[in-house]
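Here the structure is laid out as structure tokens; the discussion comes afterwards.
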């Protein structure tokens with residue numbers, strides 16, 4: 038990790054501060070302001086998508102149809118996924134990148150600040166369009182977030198709104214990714230070689246390349262859906278000589294790396310937090326970087342494991358099964374390195390560390406169920422059951438979402454200059470960790486017993502575990518109100534945070550050389566990294 | 735407001751990286767559509 042001498046972070050900047058009132062946010066080009074906008078947007082979307090999850094769990098609380106009609110239930114499952122993936126998790130990571138990458142590499146701002154503003158402000162329009170589909174005749178998308186044809190073509194008047202919303206969200210992500218790569222490759226402080234960069238910066242650099250490679254593929258796929266719908270092409274329509282399975286291949290060529298787009302920055306966050314609260318440097322820094330790159334490479338050659346039941350040659354099944362299992366190797370390197378970092382460390386358990394540890398255990402559990410799903414004959418049994426739902430929620434909730442919460446608790450005092458209420462934050466941690474397991478663990482049992490996913494009603498044999506899962510869901514949802522309260526309370530005031538915040542004694546990166554909160558314009562004179 | 739990049743070398747580096755990344759993104763977008771068109775015709 039780099040040691041730094043920040044020559045003039047506090048007093049050598051242009052004398053203009055933030056603009057006053059709404060102009061500060063609408064015309065924002067400062068990376069800290071845009072980071073804040075992304076994080077707030079993501080929090081709002083987290084609650085919107087969460088409300089949809091509450092509708093789903095309320096309907097599934099008991100067998101039989103209770104609250105909503107099946108069509109609306111299907112719209113809720115589809116919209117919940119689209120909003121959580123594109124509106125909550127991805128913007129949260131982009132927000133963290135905006136806040137932290139310039140501070141970590143000693144840059145005065147992101148390389149392309151005006152494009153940064155544009156890529157954020159696209160998002161509210163994209164998600165207004167997406168949510169607006171619920172008000173059109175025929176309602177919102179109901180065929181699953183994968184938008185498989187021909188089912189998706191049966192959507193009502195909201196179809197072009199869905200396609201445009203996906204395009205806009207994709208364009209925003211691509212612009213965000215370009216900004217991240219350009220900043221890291223061109224704006225690093227003198228002396229900060231690639232292998233001296235903080236691991237969070239490394240994971241985001243690799244994630245940004247993944248984004249640039251796969252978001253255009255999604256855009257291409259939905260463009261072809263649009264032309265099939267309105268312009269008479271038959272890319273995915275068997276009646277015209279097209280092939281609906283081709284959509285699945287193209288979609289999952291995007292979709293599988295997308296999973297890693299949502300988890301690699303999480304690896305970076307956990308790799309920052311565990312050393313701080315173990316009071317030891319990260320074990321195997323180089324191996325962590327190479328493992329991240331290996332996972333990113335492998336993510337491009339495993340897409341068809343989502344399609345084993347569609348049918349493919351035996352050689353294809355073998356290849357995609359073995360390539361998928363291979364991902365466990367670099368992932369295992371990471372898990373063992375985090376464990377080795379903690380080994381004989383002087384551990385303390387503040388909220389960021391608690392969330393990072395929960396991530397470590399529960400993400401690994403999600404990884405194990407992923408290995409089970411990689412086995413072709415087993416996948417034939419598990420496919421499209423609640424086992425899959427349990428698997429990806431373990432990866433995305435105690436995985437990606439917990440890492441975002443860990444990051445918020447880790448960096449919030451640096452951003453705001455205030456410490457939060459530790460007791461409440463620990464309550465938030467314990468409630469979240471207990472309820473997330475009550476919510477998702479029983480879904481493994483439901484899936485293994487044969488309950489299909491994406492259904493509003495089910496056989497009575499599944500009643501008990503569904504009720505338990507719903508209770509966990511309501512508990513998890515309510516616990517998150519505590520998170521929102523803590524964030525707003527910390528922004529408004531609280532005990533003054535020190536510049537280093539976590540007084541652990543081990544050398545930190547450049548971001549900890551700045552005051553808490555950092556000056557509006559930081560690193561206008563590049564710091565020297567030794 | 736953010737400040738302009740004043741170092742010309744750094745500015746050129748930024749421009750070069752942006753162009754390469756746009757080409758990469760465009761290549762994936764049009765490449766996959768071209769592949770689908772080709773596959774529809776054969």
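Protein chains in written order, with the working numbering: chain A, 38 to 567; chain B, 735 to 776.
The C-beta atom is built at its ideal place from N, Cα and C for all residues, glycine as well.
With respect to the alpha helix (DSSP H) encompassing residue i, which residues constitute its N-terminal and C-terminal limits?
i	result
residue 172 of chain A	Taken as a continuous stretch (DSSP letters only), residue 172 of chain A belongs to no alpha helix (DSSP H), as it is neither H nor E.
residue 343 of chain A	That residue, residue 343 of chain A, is in no alpha helix (DSSP H); it is neither H nor E in DSSP.
residue 432 of chain A	423-432
residue 479 of chain A	459-485
residue 295 of chain A	281-298
residue 209 of chain A	196-223
residue 266 of chain A	236-267
residue 763 of chain B	742-775
residue 361 of chain A	351-363
residue 448 of chain A	439-453
residue 416 of chain A	413-419
residue 62 of chain A	60-63
For residue i, which of the options has the nearest alpha-carbon?
i	options	result
residue 165 of chain A	A/179, A/155, A/133 and A/203	A/203
residue 540 of chain A	A/312, A/212 and A/221	A/312
residue 518 of chain A	A/69, A/469 and A/198	A/469
residue 294 of chain A	A/329, A/277 and A/268	A/329
residue 437 of chain A	A/395, A/415 and A/119	A/395
residue 228 of chain A	A/341, A/142 and A/259	A/142
residue 428 of chain A	A/499, A/241, A/88 and A/407	A/407
residue 155 of chain A	A/215, A/416, A/122 and A/358	A/215
residue 249 of chain A	B/740, B/747 and B/755	B/755
residue 413 of chain A	A/425, A/359, A/454 and A/455	A/359
residue 425 of chain A	A/327, A/344, A/349 and A/448	A/344
residue 595 of chain A	A/103, A/130 and A/153	Look at the range of chain A in this structure, 38 to 567, and you will see that residue 595 of chain A is not part of it.
residue 123 of chain A	A/341, A/199, A/370 and A/476	A/199
residue 365 of chain A	A/404, A/465, A/511 and A/523	A/404
residue 245 of chain A	A/60, A/258, A/221 and A/260	A/221
residue 451 of chain A	A/423, A/556, A/305 and A/562	A/556
residue 178 of chain A	A/524, A/192, A/562 and A/169	A/192
residue 752 of chain B	A/113, A/232, A/148 and A/83	A/148
residue 131 of chain A	A/291, A/232 and A/301	A/301
residue 205 of chain A	A/370, A/173, A/252 and A/491	A/252
residue 767 of chain B	A/273, A/145 and A/136	A/273
Residues of chain A with CB under 9 angstroms from residue i, in chain order?
i	result
residue 757 of chain B	None at all; the shortest Cβ gap to chain A is about 10 angstroms.
residue 744 of chain B	148, 223 and 224
Counting only Cβ pairs nearer than 8 angstroms, list the residues of chain B close to residue i.
i	result
residue 219 of chain A	748, 751, 752 and 755
So with CB distances below 8 angstroms, who are the chain A contacts of residue i?
i	result
residue 773 of chain B	280 and 283
At a CB-CB cut-off below 9 angstroms, which residues of chain B make contact with residue i?
i	result
residue 250 of chain A	758, 759 and 762
residue 287 of chain A	766, 769 and 770
residue 215 of chain A	751, 752, 755, 756 and 759
Just the chain B side, please: which residues come within less than 7 angstroms of residue i by C-beta, in chain order?
i	result
residue 211 of chain A	759
Given the structure, does residue i come close to the ligand NAP, in the sense that its CB is under 6 angstroms from one of the ligand's heavy atoms?
i	result
residue 206 of chain A	This structure lacks the ligand NAP; in fact it carries no ligand of any kind.
Taking Cβ positions only, does residue i come closer than 7 angstroms to chain D?
i	result
residue 551 of chain A	The chain labelled as chain D is not found among the protein chains of the depicted structure, namely A and B.
Which runs of the alpha helix (DSSP H) at least 4 residues long sit entirely within the region 497-560 of chain A? Give them in chain order.
500-529
Output the residue ranges of the beta strand (DSSP E) runs that lie fully inside the region 86-174 of chain A and measure 3 residues or longer, sorted by chain position.
none
Residues within the region 253-276 of chain A neighbouring chain B, beta-carbon criterion of under 9 angstroms
253, 254, 256, 257, 258, 260, 261, 270, 271, 272 and 273
Starting from the N-terminal side, write out each stretch of the alpha helix (DSSP H) that is 4 residues or longer and does not extend beyond the region 303-344 of chain A.
322-335
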